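>
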Amino acid sequence: MAEKTAEQKPAIQIRGLTKIFTLGKEKVYALNGIDLDIYPTEIVCLLGTSGSGKSTLLNMMAGLEKPTKGVITIFGERIDKMNERKLAMFRQKYMGFVFQAYNLLPNLTAIDNVSLPLAFAGVKKSVRTKKAKKMLKLCGLGKRMRHKPTQMSGGQQQRVGIARAFVATPKIVFADEPTGNLDTHTTIEIMEMMVRMSRENHQTLVIVTHDIEIAGYADKIYHIIDGKISAVEDNRGKQIIPADAEAGAAEAVPKEETPVESAVSEQNEPPEDSGKNLPDTEDDIRIENILKNSGLSNEIHTEEEQI
Ligand SMILES: Nc1ncnc2c1ncn2[C@@H]1O[C@H](COP(=O)(O)OP(=O)(O)OP(=O)(O)O)[C@@H](O)[C@H]1O
Ligand SMILES: [Mg+2]
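Quick note on the working numbering: the sequence shown kicks off at 2 and runs consecutively.
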């Protein structure tokens, strides 16, 4: 599990990473000379107190912010040198994201939120709907597929967030305080779901947290203080293992929630996995608009055969 071999190259390599924010005359060193190597299939935590630079570091790794100085290489490619267009394509191909505030699109149903990364990848609608539904079921949300974010609890919204991050099986998933808004019980559920999925799909998972308990799930813990790595802890052999992590994917999923009173009728749910195109809805039109406005719609091509 996440053992690196002599030949294995890092998934993420960072050297001399520095980020300075200038506020008037004041310079804030958010990151101050970070070096690290994260290997494929590792589960890594960036652990530190508020303001230590964790999110800045994660955002740099994900190409969401440019460094002031330093080198960031992902799968051998210098992302600090990439232009925005190339970065967007790179992120779409290799990365998934889970956010503290879920960041779901409020007007889209769970299915359509989860479908988005596939839509960006040019997967045709019947296939992406099928995959999104499968993923939502895997995340225990089979009864919430047509709910919109406001019709779900925080824990349910975060499960949609996880389904969206994992649906296109990106090689790396980044999660910034993914359980920051959740209670203890839900935190464990969400952490175990992410860890199980990463392990089963052999993905690299990078989690930002201030919570030592959450760091317990990681193979390796990077302690961050004042924009620097103060310690690296090898947690292999001690990490928390989800109860059924060794089981197959089908068994490793949370139980379907028992239906509770719902604001949305499931009566009109089309037959699952029919593979047929569904009629256009308001949500489909929204997805098409998002794609059009993203500037990526001309770049995408149908890849469903590969998925
Ligand atoms: N856009 C910005 N402009 C100026 N300063 C910033 C900016 N973003 C972050 N900082 C500063 O950089 C430092 C690191 O911020 P960062 O958001 O990375 O911390 P964090 O460890 O994620 O904290 P938290 O746990 O509160 O989310 C902080 O001192 C913060 O004030
Ligand atoms: Mg943060």
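Glycine residues also receive a C-beta, built at the ideal position from the N, C-alpha and C atoms. All values derive from a computational prediction rather than experimental measurement.
#1: Counting along the chain, where does the beta strand (DSSP E) carrying residue 224 start and finish?
#2: Starting from residue 133, trace the beta strand (DSSP E) in both directions and tell me its first and last residue.
#3: Starting from residue 16 and walking both ways along the beta strand (DSSP E), at which residues does that stretch end?
#4: Using only the heavy atoms of ligand 1, determine whether one of them is closer than 7 Å to the beta carbon of residue 175.
#5: Would you give the residue range spanned by the beta strand (DSSP E) that residue 38 belongs to?
#6: Count the other CB atoms within 10 Å of the CB of residue 24; is the residue buried (16 or more) or exposed (fewer)?
#7: Residues bridged to residue 79 by DSSP?
#8: What first and last residue would you give for the alpha helix (DSSP H) that runs through residue 164?
#9: Which residues have a Cβ closer than 5 Å to any heavy atom of ligand 1, listed in chain order?
#10: Which first and last residues belong to the alpha helix (DSSP H) in which residue 94 is found?
#11: Going by DSSP, what residues sit across from residue 206 in a beta bridge?
#12: Any heavy atom of ligand 2 inside 7 Å of the beta-carbon of residue 209?
#13: State the start and end residues of the unbroken beta strand (DSSP E) segment that holds residue 242.
Well, looking at it:
#1: Element bounds for residue 224: 221-226.
#2: Premise fails: residue 133 lies in the alpha helix (DSSP H), 126-139, not in any beta strand (DSSP E).
#3: DSSP places residue 16 in the uninterrupted beta strand (DSSP E) bounded by 13-24.
#4: Within 7 Å of the C-beta of residue 175 there is not a single heavy atom belonging to ligand 1.
#5: Per DSSP, residue 38 belongs to the beta strand (DSSP E) from 27-39.
#6: Per the 10 Å Cβ criterion, exposed.
#7: Its beta-bridge partners are 74.
#8: That run of the alpha helix (DSSP H) goes 155-167.
#9: The set, ordered by position in the chain, is 22, 29, 31, 51, 52, 53, 54, 55, 56, 57.
#10: Residue 94 -> alpha helix (DSSP H) spans 85-95.
#11: Beta-bridge analysis with DSSP links residue 206 to 44, 174.
#12: It does: the Cβ of residue 209 is within 7 Å (strictly closer) of some heavy atom of ligand 2.
#13: Per DSSP, residue 242 belongs to no beta strand (DSSP E) and is neither H nor E.
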